[in-house]
Amino acid sequence: MKFVRYSADSDVCQGVLLDSEIKEINGNLFSEWEYTGRVLNVSEVQLLAPLRPNQIIGIGANFVADQRDLPEVLPDIPVFFFKPVSSVIGPDEKIVIPAGTEEVKFESELAVVIGKEAKNLSEDEVLDHVFGYTVGNDVTAPAFFHGDGHWTIGKSFDTFTPLGPVIETELNPFTVNVQARLNGELKQDSPLDLMIIPIKRMISYLSTVMTLKEGDVILTGSPVGAEFVKAGSVIECSIEGIGTLRNSFSEAVRV
306 MKFVRYSADS DVCQGVLLDS EIKEINGNLF SEWEYTGRVL NVSEVQLLAP LRPNQIIGIG
366 ANFVADQRDL PEVLPDIPVF FFKPVSSVIG PDEKIVIPAG TEEVKFESEL AVVIGKEAKN
426 LSEDEVLDHV FGYTVGNDVT APAFFHGDGH WTIGKSFDTF TPLGPVIETE LNPFTVNVQA
486 RLNGELKQDS PLDLMIIPIK RMISYLSTVM TLKEGDVILT GSPVGAEFVK AGSVIECSIE
546 GIGTLRNSFS EAVRV
């Protein structure tokens, strides 16, 4: 099932996408909801990020280029970071390059949406707490990374976390490729078995540190191939079964 969030007649609504039609729903996406009877064509609405996350957690440097590069021993403490909810935008919205830097890059990622509270999960329990999956773009400005290795500022600017176009609840996340096209040219295309920390392990680990809540979004890492972009560039992040998240880059408006 594909859940969407959208703007129609100045209202923010949520619904289920069936081919080119959206069937509006009302209620809590993660528990109880019902159809309202209103049906719209997707061409009549502006798709938004498919949810307003409770919190956003990313993992750093989590892909290799080849199976032979996978480490024999996994790190005891993976590198995680938080991104602010204020950085979230949806499909076709502009990513703003911060004033004072020209070094901004895209990072196409599979984003996992938590569906129910999770604490101290075993790896076998993880998928029971996952609501679905969407496409994320972990936009990054490395010039703002702290010298001691802290990444927060470089990943936290407004517009730096595009999500969408849908939340797919029936995806098999272990059989898909994460792709990105910059101005139409394929730059990233990797299967998830090139992840260093697999999905189940990363979420199990996180649940031993913090209680994960419904609506949390876990960005699972970006494949090799991310590049710096310029204003005017168009990035398309794609995962088969979910769709394509398209955004363009623009310069900050100077005042």
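Counting in my numbering, the sequence shown tops out at residue 560, every number present. Note that the Cβ used here is the ideal one computed from N, Cα and C, for glycine as well.
Asked, Found
"Euclidean distance between Cα positions of Ala342 and Phe436", "Residue 342 is actually Gly in this sequence, not Ala. Between Gly342 and Phe436, the C-alpha separation is close to 24 Å."
"Three-state secondary structure assigned by DSSP to Val539", "strand"
"Contact with chain B by Ile544, beta-carbon distance below 7 Å", "As a matter of chain content, chain B is missing from the structure shown, which is built from one protein chain."
"Whole-angstrom distance between Ser555 and Met507, CA atom to CA atom", "33 Å"
"Contact the region 347-357 vs the region 390-397: 3+ CB pairs below 8 Å", "yes"
"Cβ pair count under 8 Å reaching 3, the region 412-419 against the region 519-533", "yes"
"Rounded C-alpha distance that separates Glu545 from Ser312", "25 Å"
"Three-state secondary structure assigned by DSSP to Val431", "helix"
"Whole-angstrom distance between Ile327 and Val378, CA atom to CA atom", "46 Å"
"Cα-Cα separation, Ala531 to Ser413", "8 Å"
"Length of the line joining the Cα atoms of Lys424 and Thr516", "5 Å"
"Nonlocal neighbours in the same chain, by C-beta distance under 7 Å from Met306, ignoring five residues either side", "Val321, Thr474, Glu475"
"DSSP state of Asp397 mapped onto helix, strand, coil", "coil"
"Proximity below 7 Å, CB of Leu426 to CB of Ser509", "yes"
"Whole-Å CB distance - Ile362 paired with Leu468, under 8 Å assumed", "Incorrect: roughly 13 Å between the Cβ atoms, too far for contact."
"Pairwise C-alpha distance: Ile364 and Ser527", "9 Å"
"Residue burial classification, Leu334 (beta-carbon count within 10 angstroms, cutoff 16)", "buried"
"Reduced DSSP secondary structure (H/G/I, E/B, other) of Glu349", "helix"
"Opening and closing residue of the alpha helix (DSSP H) in which Arg549 lies", "Reading off the sequence, residue 549 comes out as Thr, not Arg. That residue, Thr549, is in no alpha helix (DSSP H); its beta strand (DSSP E) goes 548-556."
"Complete beta strand (DSSP E) runs within the region 471-526 (minimum length 3 residues, chain order)", "482-487, 490-496, 522-524"
"Residue span of the beta strand (DSSP E) that contains Lys328, given as start and end", "326-332"
"Identity of the residues DSSP links to Thr439 by a beta bridge", "Ala416"
"Whole-angstrom distance between Ser495 and Pro481, CA atom to CA atom", "Correcting the residue type first, residue 481 is Val in the shown sequence and not Pro. Answer to the nearest angstrom: the Cα atoms are 8 Å apart."
"Cβ pair Asp463, Ser391 closer than 7 Å", "yes"
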